[in-house]
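Residue numbering for the sequence shown is 23 to 142, as defined by our numbering.
Yeah, the Cβ is synthetic: ideal placement off N, Cα and C, and Gly gets one too.
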Amino acid sequence: VGAIIEASHDEKGIIWPASISPFDAGIVNLKPGHEGTDKVTETVYAKCREAGFDVLLDDSSDSAGAKLASMDLIGLPWQIVAGPRSVDRGVVELKNRQTGETEEVGLDEAPARLIAALSG
């Protein structure tokens with residue numbers, strides 16, 4: 023494991039190869055208690071679990087910055103980030119941890135897009 027971490031990291035933390043990552047993806051609810059962010063993160067989580075993927079849901083009361091930094095530090099291959107402003111606009115952020123690329127995806131398509139990304 024140490025060799026993998028040494029070979030697969032950046033300044034933010036570990037970047038786990040998908041084949042050995044402790045979870046397939048991380049889902050970040052930036053504002054627990056907000057009806058929209060709660061609904062979308064719980065839906066994405068449930069659909070990913072139904073599809074057989076192990077996902078980590080961060081719905082802690084930590085600050086948004088702390089949650090995002092922790093998710094990068096953990097190094098899960100994919101992340102979905104849902105905050106009140108993005109959810110109010112009808113989107114969430116899908117992030118590829120290895121490339122750092124992010125894209126906004128519609129709330130209705132978020133579960134399917136993450137599952138497609140996880141399926142390779």
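- The C-alpha of I137 lies about 20 Å from the C-alpha of D81.
- Per DSSP, K53 lies in no beta strand (DSSP E) and is assigned neither H nor E.
- Here the region 38 to 51 lies against the region 98 to 109, with 3 or more beta-carbon pairs under 8 Å apart.
- In the three-state reduction of the DSSP assignment, E131 falls in the coil class, being assigned neither a helical nor a strand state.
- DSSP, read as helix, strand or coil, puts G24 in helix.
- Boundaries cannot be given for A73, as no beta strand (DSSP E) includes it and DSSP labels it neither H nor E.
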